[in-house]
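Down below is the structure, laid out as C-alpha cells.
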Amino acid sequence: MNHKLAKLFIFGLVIAGLFLPWITFAKTPILKIGHVGHDHHTALYVAALNGDLFKKDYGLYLKEIKAKLLYEMYDGEDLVCELELFKVGGGSKMTTAMAQGTFDVGFGGVAAVAFFVDKSTPMKIISPLHSKGDMLVVDIDEKPDNWEEFVKYVKNREEPLKVGFKAPKAVALLIFQAALDHEGIAYSSDVSKMGVNVHLINIKEASQLNPGLQNDIIDAYVCNNPVCAIAVEKGIGRAIADLNDLPPGMWKDHPCCMIAAMNDIMQEKRALVVKFLELMIIATDYINTQPMIGYQSASEFIGTSLEVEKMSMPTSLYTTDPYDEVWLNGIYTWVHAMEKLDHIKGELVGKSNEEIDRLLLDFSAIKEAQANVVERKKR
Numbered sequence: 049m050n051h052k053l054a055k056l057f058i059f060g061l062v063i064a065g066l067f068l069p070w071i072t073f074a075k076t077p078i079l080k081i082g083h084v085g086h087d088h089h090t091a092l093y094v095a096a097l098n099g100d101l102f103k104k105d106y107g108l109y110l111k112e113i114k115a116k117l118l119y120e121m122y123d124g125e126d127l128v129c130e131l132e133l134f135k136v137g138g139g140s141k142m143t144t145a146m147a148q149g150t151f152d153v154g155f156g157g158v159a160a161v162a163f164f165v166d167k168s169t170p171m172k173i174i175s176p177l178h179s180k181g182d183m184l185v186v187d188i189d190e191k192p193d194n195w196e197e198f199v200k201y202v203k204n205r206e207e208p209l210k211v212g213f214k215a216p217k218a219v220a221l222l223i224f225q226a227a228l229d230h231e232g233i234a235y236s237s238d239v240s241k242m243g244v245n246v247h248l249i250n251i252k253e254a255s256q257l258n259p260g261l262q263n264d265i266i267d268a269y270v271c272n273n274p275v276c277a278i279a280v281e282k283g284i285g286r287a288i289a290d291l292n293d294l295p296p297g298m299w300k301d302h303p304c305c306m307i308a309a310m311n312d313i314m315q316e317k318r319a320l321v322v323k324f325l326e327l328m329i330i331a332t333d334y335i336n337t338q339p340m341i342g343y344q345s346a347s348e349f350i351g352t353s354l355e356v357e358k359m360s361m362p363t364s365l366y367t368t369d370p371y372d373e374v375w376l377n378g379i380y381t382w383v384h385a386m387e388k389l390d391h392i393k394g395e396l397v398g399k400s401n402e403e404i405d406r407l408l409l410d411f412s413a414i415k416e417a418q419a420n421v422v423e424r425k426k427r
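All letters in the sequence shown, in the order written, are residues 49 to 427 by the numbering used here.
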C-alpha cells in the first residue's frame, strides 16, 4: 500500500510540474491594445521595437515575445503584464472593436471616440497622442496644385470630382467637409446625384485609396499619412494641401489621434494603463528629440519605406501632454464642428467646454504617468 501511495504521490508531483508553469502564466495580467497601423501611432511602435533603449534610459520596457502581436512589459526586473496588440481599421472600426471588448485600450481618431461618447458609449479619451498629418491628394494628372486652385477647379468642372475617403467618421473627411461648406462647394455621397461639385466616395479602407486613384475609381482623396506619402513615392498622386491649413481656419494643429479606453478598464486595470502610458510618454519624447528613431520604427513596424516616413512624419505633431492647451482647444473645436456637420446628435450636443471635458476626457491616468516619468528621469 505504501508503495502504491508513493507512486501516486510522485505522479501527482509530475502532473503539478507540468501544469504549474501554465498556472503561473495564466496569472500574469494582460493589457490588450488596439491600433490602426499607420504612423500617427508611432509611439507604440517605438516602444515595441526599442526595448533595450527604454531599459537603459528608464528601466521600463517591452520584451518581444511575438513580433507585432505579443510583448511583456517590465519595470526593472519585475514583469508588469503581457501586452497583446491588435491591428484594426480606422475611423469607427477601432471604437467599435473596443466597445465590443476586443481590446482594452485603443489608438485612433478623436472624432470616432466623440461619435461613440455622443451615443452614451462608456469610453473616454485618456491621453493626447498626435496632431495634424492629414492631406488632400489628387491624381498625378489632375490640374490643381494647391487648395485655391482646387476650389476653382471643382467649381468649373462639368462633372463632379470623385473624392475618396477611408471611413465616415475619419478625421480627414470631417475637416474636408467643413472646408467644402466654407467654400460653398456642393457635395454628396450619392454618386447618382448631379448638380453638385464633388462626389464623396467611401473606399472603406485606407489601403485601397491609392489603388482607387491608380485605377480611376476616384480622382482625389483625403486621408492621413503615410498613405499620402506613399502616393507621392509611387508617382500615383500629388499631395496638394495639408488639411491643417484648410478654411475656415479652425484646424491649425488639430488633434487627430488619441488614446482611449472603456470606463470599466480604467477602474479594473488602471495601474497597468498608467504604466503603459508611461511608455507612450517616453516613446513620444524619443520621436520628438531623435526623429530617426521614429522614422525607423514606423518603417519597420508598418512596412513602409524609410523615405516615405521621412516625408510623412514631419507633417504630424506628436504629444502626450495633458496640459497642451492647443490640443485641448482642438477637442472642443472638434465637438462643435461635428455638431454643425450633424455627426453628433446626443450626449455632446450643445455642451460647454467644461461639460465636454467631463463627458469625453479622463486625463487622470496620463497625468499620473507624466509625474512618474519625471521621477524616473531623476533616478
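Backbone N, C-alpha and C define an ideal beta-carbon position, used for all residues, glycine too.
Closest residue to residue i among the options (Cα-Cα distance)
{"i": "Met-306", "options": "Asn-263, Glu-206, Pro-370 and Ala-234", "result": "Pro-370"}
{"i": "Thr-368", "options": "Glu-395, Cys-304, Ile-341 and Ala-220", "result": "Cys-304"}
{"i": "Ile-350", "options": "Val-136, Tyr-122, Met-242 and Cys-129", "result": "Val-136"}
{"i": "Gln-148", "options": "Thr-337, Ala-268 and Pro-170", "result": "Pro-170"}
{"i": "Lys-141", "options": "Ala-95, Asn-377 and Ala-254", "result": "Ala-254"}
{"i": "Val-338", "options": "Gly-378, Phe-163 and Pro-362", "result": "One point to set straight first is that residue 338 is Gln, not Val, in the sequence displayed. Answer by Cα proximity: Pro-362."}
{"i": "Met-183", "options": "Asp-293, Asp-152, Lys-282 and Arg-424", "result": "Asp-293"}
{"i": "His-86", "options": "Arg-406, Asn-401 and Ser-364", "result": "Ser-364"}
{"i": "Lys-323", "options": "Ser-345, Asn-420 and Trp-299", "result": "Asn-420"}
{"i": "Tyr-93", "options": "Arg-406, Gly-139, Ser-345 and Arg-286", "result": "Ser-345"}
{"i": "Leu-228", "options": "Gly-138, Leu-389 and Lys-241", "result": "Leu-389"}
{"i": "Ile-265", "options": "Leu-407, Val-211, Thr-90 and Arg-205", "result": "Val-211"}
{"i": "Thr-90", "options": "Glu-348, Glu-416 and Asn-250", "result": "Glu-348"}
{"i": "Asn-194", "options": "Pro-295, Gln-315, Ile-404 and Thr-76", "result": "Pro-295"}
{"i": "Asn-250", "options": "Lys-114, Gly-138 and Arg-406", "result": "Gly-138"}
{"i": "Ala-226", "options": "Met-298, Lys-191 and Gln-262", "result": "Met-298"}
{"i": "Tyr-235", "options": "Lys-203, Gln-262 and Gln-256", "result": "Lys-203"}
Alpha-carbon spacing of residue i relative to residue j, whole angstroms
{"i": "Leu-108", "j": "Lys-80", "result": "18 Å"}
{"i": "Lys-252", "j": "Gly-260", "result": "11 Å"}
{"i": "Val-239", "j": "Leu-248", "result": "8 Å"}
{"i": "Gln-418", "j": "Ile-329", "result": "7 Å"}
{"i": "Lys-172", "j": "Lys-200", "result": "40 Å"}
{"i": "Leu-221", "j": "Phe-213", "result": "6 Å"}
{"i": "Ile-71", "j": "Ala-385", "result": "Note that Ile-71 has pLDDT 46, beneath the 50 cutoff, so the model's placement of it is unreliable and the number below is only indicative. Rounded to the nearest angstrom, the two C-alpha atoms are 51 Å apart."}
{"i": "Ile-188", "j": "His-230", "result": "26 Å"}
{"i": "Leu-133", "j": "Asp-333", "result": "22 Å"}
{"i": "Arg-318", "j": "Lys-217", "result": "28 Å"}
{"i": "Ile-335", "j": "Trp-375", "result": "18 Å"}
{"i": "Cys-271", "j": "Ile-284", "result": "15 Å"}
{"i": "Ala-145", "j": "Ile-288", "result": "33 Å"}
{"i": "Asp-105", "j": "Phe-224", "result": "42 Å"}
{"i": "Asp-123", "j": "Gly-378", "result": "34 Å"}
{"i": "Val-16", "j": "Ile-341", "result": "The first residue shown for the chain is 49 and the last is 427, placing residue 16 beyond what the model contains."}
{"i": "Asp-372", "j": "Arg-427", "result": "26 Å"}
{"i": "Lys-167", "j": "Ala-308", "result": "16 Å"}
{"i": "Gly-394", "j": "Phe-411", "result": "23 Å"}
{"i": "Phe-151", "j": "Val-84", "result": "13 Å"}
{"i": "Arg-424", "j": "Phe-102", "result": "11 Å"}
{"i": "Glu-281", "j": "Glu-402", "result": "44 Å"}
{"i": "Ala-95", "j": "Trp-382", "result": "29 Å"}
{"i": "Ile-392", "j": "Glu-125", "result": "47 Å"}
{"i": "Ala-331", "j": "Ile-313", "result": "23 Å"}
{"i": "Leu-131", "j": "Glu-207", "result": "50 Å"}
{"i": "Leu-97", "j": "Gly-82", "result": "17 Å"}
{"i": "Ser-237", "j": "Val-244", "result": "10 Å"}
{"i": "Met-121", "j": "Ala-159", "result": "30 Å"}
{"i": "Glu-196", "j": "Tyr-269", "result": "16 Å"}
{"i": "Gly-154", "j": "Thr-76", "result": "21 Å"}
Near the ligand NAD: residue i beta-carbon under 6 Å from a heavy atom
{"i": "Val-322", "result": "Although the ligand NAD was asked about, the structure shown includes no ligands whatsoever."}
Nearest-angstrom beta carbon gap, residue j and residue i [assumed within contact, 8 Å]
{"i": "Val-422", "j": "Cys-276", "result": "So it is not a contact: roughly 36 Å between Cβ atoms."}
{"i": "Ile-414", "j": "Leu-320", "result": "Not really, about 14 Å apart at Cβ, beyond 8 Å."}
{"i": "Leu-407", "j": "Leu-396", "result": "6 Å"}
Contact under 7 Å by Cβ, residue i with residue j
{"i": "His-88", "j": "Gly-156", "result": "no"}
{"i": "Ser-360", "j": "Asn-273", "result": "yes"}
{"i": "Val-165", "j": "Thr-143", "result": "no"}
{"i": "Ser-175", "j": "Asp-301", "result": "no"}
{"i": "Asp-267", "j": "Leu-209", "result": "yes"}
{"i": "Ala-279", "j": "Asn-258", "result": "yes"}
{"i": "Gly-99", "j": "Leu-117", "result": "no"}
{"i": "Glu-357", "j": "Tyr-343", "result": "yes"}
(request) Can you check the stretch 369-420 for any alpha helix (DSSP H) of at least 4 residues that lies completely inside it and give the ranges in chain order? (result) 373-388 and 401-408
(request) Run through the stretch 127-210 for me and flag every whole alpha helix (DSSP H) of 4 or more residues, listed as ranges in chain order. (result) 140-147, 158-166 and 195-204
(request) Kindly provide the ranges of any alpha helix (DSSP H) runs that are 4 or more residues long and lie completely inside the stretch 211-291, ordered along the chain. (result) 219-231, 257-262 and 275-282
(request) Run through the stretch 282-345 for me and flag every whole alpha helix (DSSP H) of 4 or more residues, listed as ranges in chain order. (result) 311-316 and 318-337
(request) May I have a chain-ordered list of the beta strand (DSSP E) segments no shorter than 3 residues that lie completely inside the stretch 103-127? (result) 108-114 and 118-123
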